[in-house]
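Here's the structure we're looking at; comments come further down.
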Amino acid sequence: HAKRQGGDRIEVFRPGMRGQGTDKLAIESDLRRALERGEMKVYFQPIVRLGDRTIAGFETLLRWDHPRQGRLMPHDFIPIAEESGLIAELGAFALERTARELSVWQRALEVHPPIFASVNISSRQLLRHDLLHDVKTVLARTPVEPGSLKLELTESLVMENPEYAAQMMSRIRDLGAGLSLDDFGTGYSALSYLQRFPFDTIKIDQSFVRQLGNGSRPVILRAIISLAHDLGMEVVAEGAENESDAVELAQLGCEYAQGFAFGEPMTAHDARRLVGAAPEAA
Ligand code: C2E
Ligand code: MG
Ligand code: MG
Ligand code: MG
């Protein structure tokens, strides 16, 4: 949604603009300056433990407050960042800000297992940029509990270059970071890959959770959850939008859920308040 910026100029960003020559170029050059100008914002969406509804962690999601176009969502700029190579800087930024917030939450909340944070990684970051270096750097600079920083990779990403991805992933695990398989069920990869890659968590795509509402038996959901458990992985369901989704997911043995039922992506400030890590008001 475009925001009014004051004055008489209002520009509306149309989703269809994405991929159109000049607009794409404009976005790309604006993107180069967005980080230094502080226009890029990290938002955090709670991931809740279904057993007791406590906050288990957060996923980091980027928002770009563009000076003329208003707020842009990841789908409007992540593909452009990937094509232009700017995803390297954007990814390092998301990692650094995530680790910083994670250490704040962990200082405020001494819970076991510790609260975690999960950052989306794009294929260019994993396959063509030195992700290992970035992860090592943030973990060295920022004190967080081992395993509490997780990286989210999609099936299509790891399938782009399975050999290389598997190697990188085991080195990421060696650094003490966790690995989540994002949007599970939307790709077309062989299930055998689940065993081959060192994921500790599966995030079930929202499309499966959406089917809970229509009264049919959740056969696929049940199968995915039990397969994940047999492979020693934990399960996060994405897109839990209401209480009945949450109840059904808990009954299916899913340990975590994320969705509008529990909280929308929020600012770092609001996330701190939610975990009780915000400084007391004066
Ligand atoms: P994702 O990683 O699958 O993130 C979940 C998306 O689902 C988010 O959209 C979130 O706002 C949305 N969502 C959460 N709960 C609900 C719900 O209950 N109902 C519905 N309908 N949607 C829900 P968002 O923030 O627009 O992000 C979209 C995608 O952009 C992400 O999908 C991720 O692939 C990518 N992305 C976001 N931030 C980053 C980043 O820092 N780096 C990279 N590489 N990709 C990112
Ligand atoms: Mg994700
Ligand atoms: Mg997802
Ligand atoms: Mg997605």
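Mature numbering (1 follows the signal peptide of the UniProt record, and there is no 0) puts the sequence shown at residues 653 to 934.
Built from N, CA and C at the ideal position, the CB exists for glycine as well.
This one's a predicted model, so the numbers in the text were calculated from it and none came from an experiment.
Option nearest residue i by Cα separation, candidates the options
i	options	result
ASP834	PRO795, GLU812, ILE773 and ARG869	ILE773
ALA829	GLY837, LYS855, ARG848 and VAL771	VAL771
ALA923	HIS718, TRP757 and ASP682	TRP757
ALA929	ARG752, ARG685 and GLN721	ARG752
MET811	GLU735, PHE849 and ASN894	PHE849
ALA733	HIS718, ALA913 and ARG776	ARG776
GLY690	ASP717, SER868 and ILE707	ASP717
VAL861	GLU895, ALA818 and LEU883	GLU895
GLU735	GLU680, ILE824 and LYS855	GLU680
THR919	ARG759, VAL694 and ASP826	VAL694
GLN858	GLN903, LEU827, ASN813 and PHE912	PHE912
THR712	ALA686, GLU748 and GLY737	GLU748
ARG701	HIS921, GLU916, ARG869 and TYR908	TYR908
Distance cut-off 8 Å: residue i Cβ against heavy atoms of ligand 2
i	result
SER770	yes
ASP835	yes
GLU734	no
LYS855	yes
GLU812	no
GLU916	no
GLU804	yes
Any non-hydrogen atom of ligand 3 within 8 Å of residue i CB
i	result
GLN858	yes
GLU807	no
GLU886	no
GLU815	no
GLU797	no
GLU893	no
Proximity test, Cβ basis, 9 Å: residue i and chain C
i	result
SER800	The chain labelled as chain C is not found in the depicted structure, where only one protein chain is given.
Residue i, DSSP secondary structure in three states
i	result
GLY865	helix
LEU879	helix
ARG689	coil
SER770	strand
PRO698	strand
GLU804	strand
LEU784	helix
ARG793	helix
GLN657	For GLN657, the pLDDT reaches just 43, beneath the cut-off of 50, and the residue's location in the model is therefore unreliable, although a value from the coordinates is still provided. Coil at GLN657, not helix or strand.
ALA733	helix
VAL888	strand
ALA929	coil
GLU680	helix
PHE836	strand
Cβ-heavy atom distance, residue i to ligand 1, below 8 Å
i	result
MET725	yes
GLU680	no
LEU742	yes
GLY737	no
HIS707	Correcting the residue identity first, residue 707 is Ile in this sequence and not His. Checking the Cβ of ILE707 against ligand 1 gives no.
PHE851	no
THR712	yes
SER774	yes
Unbroken beta strand (DSSP E) run spanning residue i, endpoints
i	result
ARG723	722–724
GLY709	707–718
For residue i, the first and last residue of its enclosing alpha helix (DSSP H)
i	result
THR750	739–760
ARG848	844–848
With a floor of 4 residues, list each alpha helix (DSSP H) that falls wholly inside the segment 809–833, ordered by position along the chain. 814–826
Mind listing, in chain order, the continuous beta strand (DSSP E) runs of no fewer than 3 residues lying wholly within the segment 897–926? Listed in chain order, the complete beta strand (DSSP E) runs (minimum 3 residues) inside the segment 897–926 are 908–910.
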